[in-house]
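Colleague: Quick one: this structure, given as structure tokens, is what I'll be asking you about.
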């Protein structure tokens, strides 16, 4: 299930493309449905198919809605959403999270609004009927309650405050998206070249195990960025960070997490964040920013389907940063062919100095990334132009579930996705006869430590089943 808030400029048209990708030669059927204008379309394709969606499906400002776009496919596919303001002046991309990996608690990751014209915002989308959502402001002093049904959306927009650190709690699974309609790093002296920031948020868990996150340098040339560590102070045991230029680690405890996050200074080289606690990390580029969450090393995969969108029209330079074990960077394969990192290889700082970041220049198209050494690796793709009036984008291509490597986890798929200006996501669907479920090995936070498959079966003429209509089976590999 996908939901689309509006982009940066009121009254401007957007172009929304859906790229459907397959890694097989089989004919694939995809059904796309929405209550908005009673939309229903079926496509059949092999390899790749691009579908444009009417931008009237978007929401704008602080509002509620009942619009969703439902997709199911007969076989495993990758879907990338690109939503760009006409004229390509602003944009971002991000990865969507299927329902099985969603949760009931989130911390909003946004940034300061650029102006009254370009507010910060977050959106909540209900997965099930009769969902109650409690929203607690970053100070913890004020709260409100919303009641949503399936496909229901609540969108908050502020032209004066950064909603980052807002805690969202629900009694049923929800999907949450947050960012800025057109933002810039005001805290760090940037005064021009705002851009759309958006990401789908990972749920907050009670997992306090050790995690390590590698935030890659952005090339070429080297770009400024910051990172934010998001966590409730009560869930932080000890978190440390180091950068290539710093040469030593600085550590903090929960008391420094003002409003449930801690912001770095400007960085230009690769950073490492590690420690015990329930936290996630967001990277925000400097000039012409983008925002993306970064997976921890236990969530890396062995194969990725990648799209460099064609809607970027201002000659953006696109790159993919491969985060892999040192000595395996020569094993990077793109579409089955060996690929030498064209922009360079750099070391990751301690204590993860057994990793490197290999940056590869990319052109528009769709690709499969693997490594001949059969190792799991991280993959972040991004692009930007030299002009301040051009959009930048950046997204994490995929995540494993709870560090299960490239193990598969199958389930019936509804995905709720938010996109304001430039958004992309990767998911994979699988269907077998009358049993519709999804093979999902991108994005984590599902809290499973075993190699477990869960199927949800339904036979309701292709309609989205109500909660309680699903029959659950566990299949162990």
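Residue numbers (the numbering used here): 418 to 894. Ideal Cβ positions, reconstructed from N, Cα and C, are used throughout, including at glycine. This one's a predicted model, so the numbers in the text were calculated from it and none came from an experiment.
Alpha carbon to alpha carbon, what distance is there between residue 440 and residue 604?
Modeller: Counting from one through the chain shown, the residue named residue 604 turns up at place 187. Counting from one through the chain shown, the residue named residue 440 turns up at place 23. The alpha-carbon atoms of residue 604 and residue 440 are separated by roughly 43 Å.
Colleague: Quick test of the definition: if touching needs 3 or more C-beta pairs under 8 Å, does the stretch 432-447 touch the stretch 554-561?
Modeller: No, they do not touch.
Colleague: Does DSSP put residue 733 in a helix, in a strand, or in coil?
Modeller: Indexing the chain shown from 1 puts residue 733 at position 316. Residue state, collapsed to three classes: coil.
Colleague: Hey, how far is the Cα of residue 585 from the Cα of residue 548?
Modeller: Here the question's residue 585 lines up with position 168 in the chain shown. Here the question's residue 548 lines up with position 131 in the chain shown. Rounded to whole angstroms, residue 585 to residue 548 spans 13 Å at the Cα level.
Colleague: Could you compute how far the alpha carbon of residue 685 sits from the alpha carbon of residue 448?
Modeller: To locate residue 685, count along the chain shown from 1; it is residue 268. To locate residue 448, count along the chain shown from 1; it is residue 31. Cα to Cα, residue 685 sits roughly 44 Å from residue 448.
Colleague: So residue 769 packs on residue 629, CB below 8 Å; how close in whole Å?
Modeller: What you label residue 769 is simply residue 352 of the chain shown in a count that begins at 1. What you label residue 629 is simply residue 212 of the chain shown in a count that begins at 1. Contact between residue 769 and residue 629 holds, with the beta-carbon distance rounding to 6 Å and staying under 8 Å.
Colleague: Which one or two residues does DSSP pair with residue 676 in a beta bridge?
Modeller: Counting from one through the chain shown, the residue named residue 676 turns up at place 259. Paired residues: none, contrary to the question.
Colleague: Check the C-beta distance from residue 737 over to residue 777 and give it rounded, since I have them as a contact under 8 Å.
Modeller: If you number the chain shown from 1, residue 737 lands on position 320. If you number the chain shown from 1, residue 777 lands on position 360. Their Cβ separation, rounded to whole angstroms, is 5 Å, which keeps residue 737 and residue 777 in contact under 8 Å.
Colleague: Please check the pair residue 687 and residue 634, which I expect to be a contact at CB under 8 Å, by giving their CB distance rounded to whole angstroms.
Modeller: Here residue 687 corresponds to residue number 270 of the chain shown, with the count starting at 1. Here residue 634 corresponds to residue number 217 of the chain shown, with the count starting at 1. Contact holds; Cβ gap of about 5 Å.
Colleague: Are there 16 or more other CB atoms within 10 angstroms of the CB of residue 611, so buried, or fewer, so exposed?
Modeller: Within the chain shown, residue 611 is the residue found at index 194, counting from 1. Residue 611 should be labelled buried.
Colleague: CB-CB under 6 Å to residue 711, same chain, minus the five flanking residues each way: which ones, in chain order?
Modeller: Counting from 1 along the chain shown, the entry for residue 711 is found at position 294. These residues qualify, in order along the chain: 630, 632, 698 and 700.
Colleague: Touching or not, the stretch 454-470 and the stretch 503-518, by the rule of three or more beta carbon pairs under 8 Å?
Modeller: no
Colleague: Would you kindly check if the distance between the Cβ of residue 579 and the Cβ of residue 527 is under 8 Å?
Modeller: Position 110 of the chain shown, counted from the start, is the residue given in the question as residue 527. Position 162 of the chain shown, counted from the start, is the residue given in the question as residue 579. Contact flag set, yes.
Colleague: Identify the continuous beta strand (DSSP E) that holds residue 603 and give its terminal residues.
Modeller: Residue numbering aside, residue 603 sits at position 186 when the chain shown is read from its first letter. Annotation for residue 603: no beta strand (DSSP E) segment contains it, and DSSP assigns it neither H nor E.
Colleague: Put residue 477 into one of helix, strand or coil per three-state DSSP.
Modeller: Position 60 of the chain shown, counted from the first residue, corresponds to residue 477. Correct three-state label for residue 477: coil.
Colleague: What whole-angstrom Cβ distance do residue 720 and residue 786 have, given they're in contact under 8 Å?
Modeller: In the chain shown, residue 720 corresponds to position 303, counting from 1. In the chain shown, residue 786 corresponds to position 369, counting from 1. Contact holds; Cβ gap of about 7 Å.
Colleague: Any idea if residue 791 is buried or exposed, counting beta-carbon neighbours within 10 angstroms, 16 or more meaning buried?
Modeller: On the chain shown, position 374 is the one that residue 791 refers to. Residue 791 comes out exposed.
Colleague: Residue 761 by DSSP, collapsed to three states: which one?
Modeller: Counting from 1 along the chain shown, the entry for residue 761 is found at position 344. DSSP places residue 761 in strand when its eight states are reduced to three.
Colleague: At which residues does the beta strand (DSSP E) containing residue 721 begin and terminate?
Modeller: Taking the chain shown and counting its residues from 1, one reaches residue 721 at position 304. If you look at residue 721, you'll find it in the beta strand (DSSP E) that goes 721-725.
Colleague: Buried or exposed, going by whether 16 or more other CB atoms sit within 10 Å of the CB of residue 850?
Modeller: For the purposes of this step, residue 850 is taken as the residue at position 433 of the chain shown. With a pLDDT of 31 at residue 850, under the threshold of 50, the modelled position of that residue is not reliable, and no figure is offered here.
Colleague: From the DSSP output, read off the bridge partner residues of residue 457.
Modeller: The residue you call residue 457 lines up with position 40 of the chain shown. Paired residue(s): 450.
Colleague: If you reduce the DSSP assignment to three classes, tell me which class residue 516 lands in.
Modeller: As a first step, residue 516 is located in the chain shown; it is residue number 99 there, counting from the start. Here residue 516 sits in helix by DSSP.
Colleague: For residue 577, which option in 613, 536 and 589 has the closest C-alpha, if you only look at C-alpha atoms?
Modeller: In the chain shown, residue 577 corresponds to position 160, counting from 1. If we check each option's Cα against that of residue 577, 536 comes out closest.
Colleague: Within 10 angstroms of its Cβ, does residue 562 collect 16 or more other Cβ (buried), or is it exposed?
Modeller: As a working note, residue 562 is residue 145 in the chain shown. Answer is exposed; the Cβ neighbour count stays below 16.
Colleague: Around the C-beta of residue 428, are 16 or more other C-beta atoms found within 10 angstroms, so that it is buried, or is it exposed?
Modeller: Here the question's residue 428 lines up with position 11 in the chain shown. The Cβ neighbour count for residue 428, taken over all protein chains shown within 10 Å, is under 16; the residue is labelled exposed.
Colleague: Tell me where the beta strand (DSSP E) around residue 615 begins and ends.
Modeller: Numbered from its first residue, the chain shown carries residue 615 at position 198. Here the beta strand (DSSP E) through residue 615 covers 612-617.
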